[in-house]
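Remarks on the structure that follows.
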Amino acid sequence: MDLKSGYPYWAVKNGLMQAFPKLDRDMTCEVVVIGGGITGALIADELAQNGHEVTVLERRDVGWGSSAASTALIQYEIDTHMTDLAALYGAADAALAYRACARAIDALEELAEAVGDVDFARQASLYYASNESDLDSLRREWEMRRQYGFDADWLTPEAIASRFGFEAPGAILTPQAARLDPYRMAYKLLNRVLTAGGQVYDRTEIATATPHAHGVTLTTTSGPAIHSPAGTSSSPRATRPSHGSMTRSPPTAAVTPSSPTPSQRMCSANSPRR
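Remember, our numbering sits 1396 above the position in the sequence shown when you count from 1.
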């Protein structure tokens, strides 16, 4: 059986759900969102549902960037442990960041229900140590989460083997996690943008972004320009001016891992079939 493919899973599963036109004329709109994946779709939908005139631009077909290859696992754990965040910013702020991510899963569930048919389902998340040397730091992480009110259980090697059928020295099991079809969700959200009066264009790449006193002018590689008092980018490769109204929030801090590769693992925690 050939289990390999040159195409991302979500795109193969869903196909091209809808065709959007390429921008072929100059235009003016209130807000431009650059990026037609799940991030851009979430931003555009939020703005459109709050009464803004939104135009979405995507240089590929909609959803064919990283969204089509996403793991689709929704977890409140961010890339930095709560204990490491506490060392950088204090325990209260670290807990605040984790609570915000946990609440975001609830908000995403409500949005998925409103949109419909995006394969959202609640699942548990298992975060396990790959070897004994990682056990102490992982247990400290669990203890801090419990201290600040997070629902999480500590699993021993015996519990991991019994419930999940593999060996690990220890793990954190949390029920606050989910799965979602991000490709399908992006298309559904962009359809809501259209229904709200917005516009979506794919195969439209931005060449330059020029800020000025009245906003920003975006020029596409094929010629047409978009004039907007505000713009936002969901793509790390989008052209961004050094000042003006187009924004993208970069990370402000990072923690350097003690080992060259991650030595703990995260997975969706379904019990194995017997």
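Backbone N, C-alpha and C fix where the C-beta goes; we use that ideal spot for every residue, glycine too.
Note that the structure is a prediction, hence the values are computed from the model and not measured.
Where Leu-1537 falls, given that 16 or more other Cβ within 10 Å makes a residue buried: Taking the sequence shown and counting its residues from 1, the one referred to as residue 1537 is at position 141. With the sequence shown as reference, residue 1537 is identified as Glu, and Leu is not the correct amino acid for it. Per the 10 Å Cβ criterion, buried.
Candidates Leu-1531, Thr-1606, Ala-1573: closest to Ala-1564 by CA position: Against the sequence shown, residue 1564 aligns to sequence position 168. Nearest of Leu-1531, Thr-1606, Ala-1573 to Ala-1564, Cα basis: Leu-1531.
Given Glu-1505 as reference, the closest of Leu-1614, Thr-1600, Pro-1578, Tyr-1494 once Cα atoms are compared: On the sequence shown, position 109 is the one that residue 1505 refers to. Considering only alpha carbons, the answer is Pro-1578.
Contact under 8 Å by Cβ, Arg-1429 with Val-1450: As a first step, residue 1429 must be located in the sequence shown, where it is residue number 33. As a first step, residue 1450 must be located in the sequence shown, where it is residue number 54. Looking at the sequence provided, one finds Val at residue 1429 rather than Arg. Cβ atoms of Val-1429 and Val-1450: closer than 8 Å.
Proximity to Ala-1574 [Cα-Cα], best of Phe-1560, Ala-1488, Gln-1471: As a working mapping, residue 1574 is identified with position 178 in the sequence shown. Checked all of Phe-1560, Ala-1488, Gln-1471; the closest Cα to Ala-1574 is Gln-1471.
As assigned by DSSP and simplified to three states, the class of Thr-1476: Position 80 of the sequence shown, counted from the start, is the residue given in the question as residue 1476. Coil at Thr-1476, not helix or strand.
Nearest-angstrom Cα separation, counted from Ala-1415 out to Arg-1518: For the purposes of this step, residue 1518 is taken as the residue at position 122 of the sequence shown. For the purposes of this step, residue 1415 is taken as the residue at position 19 of the sequence shown. Roughly 31 Å between the two C-alpha positions.
Per-residue burial, Ser-1558 [other beta carbons within 10 Å of its own, 16 or more giving buried]: Here residue 1558 refers to the residue found at position 162 when the sequence shown is read from its first residue. The residue in question, Ser-1558, is exposed, as its Cβ has fewer than 16 Cβ neighbours within 10 Å.
Alpha helix (DSSP H) segment containing Gln-1543, residue limits: Along the sequence shown, one-based indexing puts residue 1543 at 147. It spans 1531–1543 - the alpha helix (DSSP H) in which Gln-1543 sits, taken as one unbroken run.
Pro-1553: first and last residue of the uninterrupted alpha helix (DSSP H) it sits in: As a position in the sequence shown, residue 1553 is number 157, starting the count at 1. Pro-1553 -> alpha helix (DSSP H) spans 1553–1560.
At least three beta-carbon pairs within less than 8 Å, the region 1408–1425 to the region 1433–1442: no
Beta-carbon separation (whole angstroms), Asp-1598 vs Pro-1571, contact threshold 8 Å: Stepping through the sequence shown from its first residue, residue 1598 is reached at position 202. Stepping through the sequence shown from its first residue, residue 1571 is reached at position 175. About 37 Å; that fails the 8 Å criterion.
Distance, Val-1596 Cα to Gly-1461 Cα: The residue you call residue 1461 lines up with position 65 of the sequence shown. The residue you call residue 1596 lines up with position 200 of the sequence shown. Each residue's alpha carbon lies about 16 Å from the other.
Nearest neighbour of Ala-1603, chosen from Thr-1613, Ser-1466, Tyr-1405 [CA to CA]: Within the sequence shown, residue 1603 is the residue found at index 207, counting from 1. Cα-wise, what sits closest to Ala-1603 is Thr-1613.
Helix, strand or coil at Trp-1550 [DSSP, three-state]: To locate residue 1550, count along the sequence shown from 1; it is residue 154. If DSSP states are grouped into helix, strand and coil, Trp-1550 belongs with the strands.
Contact under 8 Å by Cβ, Leu-1586 with Gly-1431: For the purposes of this step, residue 1586 is identified with residue 190 of the sequence shown, where counting begins at 1. For the purposes of this step, residue 1431 is identified with residue 35 of the sequence shown, where counting begins at 1. Taking 8 Å as the Cβ cut-off, Leu-1586 and Gly-1431 do not qualify as a contacting pair.
Test item: CB-CB of Leu-1534 and Ile-1556 under 8 Å: For the purposes of this step, residue 1534 is identified with residue 138 of the sequence shown, where counting begins at 1. For the purposes of this step, residue 1556 is identified with residue 160 of the sequence shown, where counting begins at 1. No, they are not a contact pair.
Secondary structure of Val-1651, DSSP reduced to three states: Residue mapping note: residue 1651 aligns to position 255 of the sequence shown, counting from 1. With a pLDDT of only 35 at Val-1651, under the threshold of 50, the placement of this residue in the model should not be trusted, and no figure is reported.
Cβ pair Asp-1515, Arg-1588 closer than 8 Å: Position 119 of the sequence shown, counting from 1, holds the residue named residue 1515. Position 192 of the sequence shown, counting from 1, holds the residue named residue 1588. No; because the gap between Cβ atoms is not below 8 Å, this pair is not in contact.
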